[in-house]
Every structure is written in structure tokens, then in C-alpha cells.
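In my numbering, the protein residues as written are 168 to 706.
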């Protein structure tokens, strides 16, 4: 039986305690250790279970996400032994690697069981889920891979490191608090369209309900995906790519016929009303035919959305690239016949570079030749105003597709459902920032798959902490915690909570005395109370 700690103020050798009791409490509520030990048992000779090791790795991601070779050092500086019952030397590289190897074949079952526990324990509403995929860059060649696990491959990395192989990760988060209940690793070159149906099936198992709204990006939309969702009574909202809604359909829209939406973007909350962006919606229907003649034709609602902020950004970006191209072309024209552009071939090569780098192929018109009098290369160019005007007519417009009935959601509500997609983007910023090591390296792709599950379990706890704190404040008719940010009131985020708790220390037991926690501050005690965590129970 672990001896309980006490509050005190006796100076002694200390360890960092910080948010470890909070992490341990939430991991316990999610039954992470029990789930893993049930799926991945160890023999009687093992000092630690795989569940204990993985639980400590989750805590490592949340408190000090350094490369895995430093887990043992982290455990020595933090009160890991006192909170999790694990001596630092037990978290050596070999033991961590064996735990990752053990859970890799069971990651889907682990994700499903822990996700179901989160729904049950925290009462999470799963009627609306947001789905997206991202990539993680990897150091190492990974020339030999285990075909049973996601394979590192070159692709189109989101962090702009084409020199590194990548693995892809899909995450589905709830509209209720942005909680990531489902995750899965995919090959570095896997197409997003093909992953939609397996994701949907997995979510249905976790949620134990067929009725579900899935919100995603344009990769959600394909005939096969939408047919399967319709058959399974799953509704969706996703933006239409240019494959399904052409630019001329957007250019023909009349803003005067659209309906103004009562929506204020988060970035505009503090602005004067007349300086805020505006949103309008206009609805019609479209049909989507299958690849075979016998395939039924799908009829979908199409909600056109106009954003004034998006329109302004598009106009500004176009003007900027035209100005830059104009400067490049002027320099080229001044240099005709010089050693840099002595002939037509050199001029055309430079034009190709300007067209590509400035992205003006849609409206740049050029004529090259050789002057009859001078023998020097000649250039005539202009921007096609008709092409510019045609593109400008689409500024700010995009289309959302959905199979929601009008009775379930009108055009405004469809847009609001889609705007919740920022929740999954926000979680990805945490996934690839505080919780993950950018451009990770592990021994093999089996361990990469397992490590992604560790990070996603940490992300789940990270999200639940924020949701719990805000729900507790809401029950008290409050939204902020005094002194949380720069000694000012702030809406709690997990990052701010962890920063506030970081100063909590623990004095290990000595000479028959129990562990001692020097008295926390009033802010720390308030946060622990909101999270329903008593650190004395975890040491």
C-alpha cells in the first residue's frame, strides 16, 4: 500500500511533481493501464506491466516531451516513482522499446476501449465528429518495414520537409470539447479518401450509435464514401473540391441573393462590429453520379458560403503576386540582350520561372521573338484582365456538401457545423507541438505505430483536462480563473493549467516521515479542485 503524502513546508531534497497527479488521475479514470494490461499481459517475471510503462510514457509526453532516450532522466527528476510506482532505472530504453513492441498489435483495440471509457466516464456527446489527417516527419531510412504496420514513405509533408519520410495519422475529435476519441496511423503515402469508411466504422463501434454527423475536409467526398455513409445512416458535411464544384459555378453567384449569417469568427471577437468579417450562405442541390451506369445518383444539398475575410485575403494575395510578377517582368525586359538573356531561349526559360514562382499562369500572356533591327530578343507581355476578373468573381466563395435534411440543419447550421472543424486542427497543433517530438526517430515502424498511440492517449488526456475545467467553471456560472494568465483572469486551457501547476514540488519520504508536498498556492488548489484531483492521494 502506497503511503499517502502530506502538505508541509520542511525544506529538503525535492522532486518536480507538477501535473503528474492530474495525469495519473485522468489516466486512471480512462483505465489506460487496465486496458493495456488486459490486452498485452506480461509474464510473472516482469517487474513492470506494459500498462505501467505506457502510462508513464503518456505522462512523459504531457510533462516533458523529449526524445525517448531521455525518459529515464525525466523519471529521475520528476516524482514518477512516488506517483506511478516506477523506479527511474526501470524506464530504460530496452524496457520502453519492449512495451511499444507489445502494444503495437493492439493499438486499435486500445484506442477503442479507452475512447469508449472516455464517453462513459465523462459523458461526451459523440453525435458530431470532426475528422482530418496529418503527417509526421521521421528521421531514418526505414528501408525494411513490417507490412502489418504503417510504412514510412515520402509524400507531401505538412511541415515542408520533403527530404524526410513521413507517417500519416488520422484523428477524429468530438464537437463536444474537441476530444480526440479515435486515431489511427497510416502509410506515409496513403490517400485520405480511402481511409474515410474504415474510420467511420471504427467510430460507430466506439460510439455504439449509428446516428452520427462526420465533418471533414474535401477528401471526405467521393461517390463510394458518400454511398456508404448514406447506407449506414451517417450524415456528413465537407467542402467540395474543384472536381465537384467548378470555379464558374462560384463566379456566377450573387451575394445579394445570399443570407447573412449571425456568426463571428474567434479572431474578430475583440474587434468593433463594423470591422468584423461577414458570412453569407446560399443553398441549392447537386447530383453525384457513380462510375457505373447502374450506380444510383446521389442528390446532395450544396451550401455556398461567402466570407468577406476570405475574399479580402484572396484579393490581397492576387494583387501581391501580380505586383511581384510585374517587377520580375520589368527587370527581365530591361535585361533583354544582356549576358543573362542573350537569346529567346534564355528569355523563355526565365518566363517559365516567373510564371511558376509567382503563380500567374492563369493570366500572364507573353509573346517572344527576335528584333529585326537589333537582333536582340524581344518580349511583349500583359495580364489578361478577363481572366483576373473571372477569378476575382469567385473570391470569398466556397461550397459545402451535405446529406443532412433541411429539418436537421438549415444552411446556416450547416456552416456552423463546418466551422467546428477548427477543433481537429487545434488538436493537431498540440499533437505536433507540445506532445510530439518534431521529426521523430524510432527503431522500426512497429514502434512508430505504437508511439503514435502513446501521443494520442496523451492528447486525449490533454483535451479532457481542458473540458473538465471549463465544465466545472460553467457549473459555477463562471468562465475564467483569476490569475491564470499573467496574473489576469483567463479561460482555462490545459497548457495554462500545466504551467500553473508546474511549481508544485514533492519531498520524498525519509526517516519514517511520509512524502511531503510543500503547500500549493491558492491558484494551484483552485485548479486541482476544478479537476477533482487531490495530489495527496497520488503520492
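C-beta: ideal position from N, C-alpha, C; glycine also.
According to the DSSP assignment, residue 628 belongs to the alpha helix (DSSP H) that extends over 612-642. Exposure of residue 463 is indicated by the presence of fewer than 16 other C-beta atoms within 10 angstroms of its C-beta. In the structure shown, the three-state DSSP call for residue 680 is strand. The residue among 554, 229, 526, 270 with its C-alpha nearest the C-alpha of residue 202 is 270.
In this structure, the alpha-carbon of residue 621 lies about 10 Å from that of residue 278.
Residue 407 places its beta carbon less than 8 Å from that of residue 385.
Counting the other Cβ atoms within 10 Å of the Cβ of residue 641 gives fewer than 16, which makes it exposed. The beta carbon of residue 343 sits closer than 7 Å to those of 291, 292, all from its chain and outside the five residues before and after it, given in chain order. For residue 584, there is no enclosing beta strand (DSSP E); the enclosing alpha helix (DSSP H) covers residues 578-586. Residue 569 and residue 403 do touch by the CB rule: their CB atoms are close to 6 Å apart, below 8 Å. The shortest CA-to-CA distance from residue 471 to any of 421, 517, 456, 496 is the one to 421. Listed in chain order, the alpha helix (DSSP H) runs fully inside the stretch 523-585 are 552-559, counting runs of at least 4 residues. Around the beta carbon of residue 541, a 10 Å sphere encloses fewer than 16 other beta carbons of the protein chains shown; the residue is thus reported as exposed. Burial state of residue 692 is exposed, judged by a 10 Å Cβ sphere holding fewer than 16 other Cβ atoms. Taking C-beta atoms under 8 Å as the contact rule, residue 595 and residue 338 qualify, at a distance of about 7 Å. Looking only at 448, 648, 371, 684, the smallest Cα-Cα distance to residue 579 is reached by 448. Close CB contacts of residue 185 within its chain, under the 8 Å cut and outside five residues either way in sequence, are with 230, 245, 665, 668, 669, 670, 671 (chain order). The three-state reading of DSSP puts residue 182 in strand, counting E and B together. Membership of residue 704 in any alpha helix (DSSP H) is not indicated, and neither H nor E is assigned to it by DSSP.
Taking the CA atoms as reference points, residue 525 sits about 44 Å from residue 628. Annotation for residue 395: 364 place their beta carbon closer than 6 Å to its own, counting only its chain and skipping 5 residues before and after. In this structure, the alpha-carbon of residue 319 lies about 21 Å from that of residue 349. Of the residues assessed, residue 587 falls on the buried side of the cut-off, its CB having 16 or more other CB atoms within 10 angstroms. Residue pairing from DSSP places residue 297 in a beta bridge opposite 340, 382.
About 11 Å separates the beta carbon of residue 543 from that of residue 502, a gap too long to meet the 8 Å contact definition. Under DSSP, residue 474 forms a beta bridge with 446.
The criterion of a C-beta distance shorter than 8 Å is not satisfied by residue 698 and residue 638. Around the C-beta of residue 549, fewer than 16 other C-beta atoms lie within 10 Å, and the residue is accordingly described as exposed. In the three-state scheme derived from DSSP, where H, G and I count as helix and E and B as strand, residue 665 is classed as helix. Relative to residue 191, the option among 466, 240, 228, 314 whose CA is nearest is 228. Rounded to whole angstroms, residue 552 and residue 558 show a C-alpha spacing of 10 Å. Apart from sequence neighbours up to five positions away, the residues of its chain that approach residue 247 with a beta-carbon distance below 8 Å are 187, 223, 226, 241, 253, 255, 258, ordered along the chain.
Residue 350 has 338 as its beta-bridge partners, per DSSP. Closest by C-alpha distance to residue 490, out of 590, 527, 479, 456, is 527.
According to the DSSP secondary-structure assignment, residue 406 is paired through a beta bridge with 567.
Annotation for residue 651: the continuous beta strand (DSSP E) segment containing it runs 648-652.
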